[in-house]
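Chemist: Take a look at the following structure, please.
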Amino acid sequence: MKRTYLIIAFAVPTAFAVVSTFAVDSDFAVVSAFDVGTDGSFPADRLENGSSALTRYQAPPQPPSKPDADPSPPARSDAPAPLPSTPETLPSAQKKPDRANYAEHVVIDWRFPLVELEARVVLRAGPLELLACSPGTREHESILQIPAKPLRVFEALGLIGLTPGAPVRYDAAKDQWIAPTGDRLMLRVLAEFPFGKATMPVEAWLLDLKDRSRKIEAIPWVFAGSDRLEDGAFGADVDGTIVCVVDFSSALMTVGEAHSADDEVLWLGADPAFVPREGTRCSLLISAPPQDMRKAEVTADGKLLLGGKEVSVDQLVVDWKSSSTTPQAQQEKSPQPFAPGESDKEVALGESAGQVVPGEARNSRLRLIELSPVGKVKRDALRPHVEALLAAGVPASAILIDPRRFE
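Given below as structure tokens:
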């Protein structure tokens, strides 16, 4: 019996240690139990290639094992061996959270899914080469400063199912520049705005420097994925190029079009009419473009319309919840990790690892509620509706408002 008990006592902590790798800490990336060796190390080939959720993992130090006080064989007993813990009592079977702190300043919200990055406004007006940069890099030409490491952002985007393409590159054979490629993205800013806590499209903060009267509509943002430098460093980590609006070979995210970085031809600027004061803290939300949005209209007298019919906030919320349920048969496969620089391969490196952070492929995906005006509506009319939606349990990250459409 004693021998059996010792085996079980060893098995449970071991299982707990494996499961505990799913807990996210700001000092290491999260990995799957399939990726970790018996000594807690990560495969060298993954480290060399900079794989997905993955690189720079270090297992916590383990205390040295203590020798048995009595090396003699344990006495046998006729008593039955204790049963192992059932799966329901192990940490791996606990309900996984809707949101997970993937890395420092990086949150994955599995309900949509999306990646949320802490950010701070550092520029309100002037020409732009970036929308978001790393601290101490290009704050003089970027609206947002984001403290998260670009490589960690890269990994998180892969884990929600997005695949990188490539930044702008030169094709010597054709003697031409090739525009950036990658999965399409939707970028939004989450903050406490005058109309309440909600999100707005980043395009609302941008000016067309060539035609200031033209409103910037949906920009074709792409997950370019940056590049690897000759010394193996992740390009965006070095240059701080998190979200670019002109051509950078190290761009993590950028516009899916070629735009020169020459000062005389810069095409976008920050719009001080909508960019909040410098120092404002907010979040940058990154996701695939939504397949469906519940578009509600606000009238000048404060009424809500859905499909042309007047509805209450409660009715809108019920409709939103029902629209956020997707049949299992329509679900895409679970997001798979991949390696920087491997996006041109049909099968991404490490895709067999599966889900590696708290969260799971769900039958439900939260849709966005977009509030738009009918005719001329003041922004002040939005606040009661935003507050009512929040009170009804709609997360602020699910409420989308373009303030340029309101008075």
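With our numbering, the residue at position 165 of the sequence shown is 290, and numbering never jumps. The C-beta atom is built at its ideal place from N, Cα and C for all residues, glycine as well. This one's a predicted model, so the numbers in the text were calculated from it and none came from an experiment.
1) Can you find at least 3 beta carbon pairs, one from the stretch 413 to 420 and one from the stretch 297 to 312, that sit closer than 8 Å?
2) Measuring alpha carbon to alpha carbon, tell me which residue in Gly251, Pro275, Ile303, Gly500 is nearest Glu422.
3) Determine the contact status of Thr306 and Val247, defining contact as a CB-CB distance below 8 Å.
4) When burial is assigned at 16 or more other CB atoms within 10 Å of the CB, is His265 buried or exposed?
5) Need the endpoints of the beta strand (DSSP E) that Lys91 sits in, please.
6) Is the beta carbon of Pro509 sitting closer than 8 Å to the one on Phe531?
7) Quick test of the definition: if touching needs 3 or more C-beta pairs under 8 Å, does the stretch 326 to 339 touch the stretch 395 to 411?
8) From the DSSP output, in three-state form, read off Arg294 for me.
9) Give me the Cβ distance between Leu507 and Leu525, rounded to the nearest whole Å; I'm assuming they're in contact under 8 Å.
10) Compare the C-alpha of Ile268 against each of Ala244, Leu282, Gly286 and name the closest.
11) Grab me the residues of Ala281's own chain with a C-beta within less than 6 Å of its C-beta, minus the 5 sequence neighbours each way, in chain order.
12) Given this structure, state the Cα-to-Cα distance separating Ile271 from Gly350, to the nearest angstrom.
13) Compare the beta carbon distance of Trp445 and Arg492 with 8 Å and say whether it is the shorter of the two.
14) Where does Gly283 sit, in a helix, a strand or coil, going by DSSP?
15) Any idea what DSSP makes of Gln440, helix, strand or coil?
16) Give me, in chain order, the residues of the same chain whose beta-carbon lies closer than 6 Å to that of Ala376; leave out the 5 immediate sequence neighbours on both sides.
17) From Leu253 to Asp300, what distance separates their C-alpha atoms?
18) In the DSSP assignment, the beta strand (DSSP E) including Thr319 goes from what residue to what residue?
19) Can you tell me where the alpha helix (DSSP H) holding Gly394 begins and where it ends?
20) Do Ile285 and Pro326 have their C-beta atoms closer together than 8 Å?
21) Checking the sheet assignment: what are the DSSP bridge partners for Glu243?
22) I need the straight-line Cα distance from Val511 to Pro319, nearest angstrom please.
23) Kindly indicate which residue of Arg236, Asp372, Leu514 has the alpha-carbon position closest to the one of Asp388.
Modeler: Quick answer:
1) yes
2) Here residue 422 refers to the residue found at position 297 of the sequence shown. With distances taken between Cα atoms, Glu422 lies closest to Gly500.
3) Within the sequence shown, numbered from 1, the residue matching residue 306 stands at position 181. Within the sequence shown, numbered from 1, the residue matching residue 247 stands at position 122. No. Outside cutoff.
4) The residue you call residue 265 lines up with position 140 of the sequence shown. Burial call: exposed.
5) In the structure as shown, the chain begins at 126 and stops at 532. Residue 91 is therefore absent and cannot be evaluated.
6) Mapped onto the sequence shown, residue 509 falls at position 384. Mapped onto the sequence shown, residue 531 falls at position 406. Cβ atoms of Pro509 and Phe531: not closer than 8 Å.
7) Enough Cβ pairs lie closer than 8 Å, so yes.
8) Within the sequence shown, the letter at position 169 stands for residue 294. Arg294 falls in the strand class under three-state DSSP.
9) Counting from 1 along the sequence shown, the entry for residue 507 is found at position 382. Counting from 1 along the sequence shown, the entry for residue 525 is found at position 400. With 8 Å as the limit, Leu507 and Leu525 do not qualify as a contact, their Cβ atoms being about 12 Å apart.
10) In the sequence shown, residue 268 corresponds to position 143, counting from 1. Just measuring C-alpha positions, the residue of Ala244, Leu282, Gly286 sitting nearest Ile268 is Ala244.
11) Taking the first residue of the sequence shown as 1, we reach residue 281 at position 156. Same-chain partners within the cutoff: Tyr227, Val231, Ile233, Val240.
12) Translated into the one-based positions of the sequence shown, residue 271 becomes position 146. Translated into the one-based positions of the sequence shown, residue 350 becomes position 225. Our two residues, Ile271 and Gly350, have alpha carbons roughly 17 Å apart in a direct line.
13) The sequence position of residue 445 within the sequence shown is 320, counting from 1. The sequence position of residue 492 within the sequence shown is 367, counting from 1. Yes. Within cutoff.
14) Stepping through the sequence shown from its first residue, residue 283 is reached at position 158. Gly283 falls in the helix class under three-state DSSP.
15) As a working note, residue 440 is residue 315 in the sequence shown. The answer is helix: DSSP assigns Gln440 an H, G or I state.
16) Counted from its first residue, the sequence shown places residue 376 at position 251. Here the set comprises Pro292, Ala349, Thr366, Cys369.
17) On the sequence shown, residue 253 is found 128 positions in, with the first residue counted as 1. On the sequence shown, residue 300 is found 175 positions in, with the first residue counted as 1. Counting only the Cα atoms, Asp300 lies some 27 Å from Leu253.
18) The residue given as residue 319 occupies position 194 in the sequence shown. It should be pointed out that residue 319 corresponds to Pro in this sequence rather than to Thr. First-last for Pro319: undefined, no H or E at that position.
19) What you label residue 394 is simply residue 269 of the sequence shown in a count that begins at 1. Run containing Gly394: none in the alpha helix (DSSP H); it sits in the beta strand (DSSP E), 393 to 395.
20) Here residue 285 is taken as the residue at index 160 of the sequence shown, counted from 1. Here residue 326 is taken as the residue at index 201 of the sequence shown, counted from 1. Result no, Cβ atoms of Ile285 and Pro326 do not sit closer than 8 Å.
21) For the purposes of this step, residue 243 is taken as the residue at position 118 of the sequence shown. Note: Glu243 sits in a beta bridge opposite Ser408.
22) In the sequence shown, counting from the first residue as 1, residue 511 sits at position 386. In the sequence shown, counting from the first residue as 1, residue 319 sits at position 194. Rounded to the nearest angstrom, the two C-alpha atoms are 11 Å apart.
23) Translated into positions along the sequence shown, residue 388 becomes position 263. Its Cα nearest to that of Asp388, the residue Asp372 stands out among Arg236, Asp372, Leu514.
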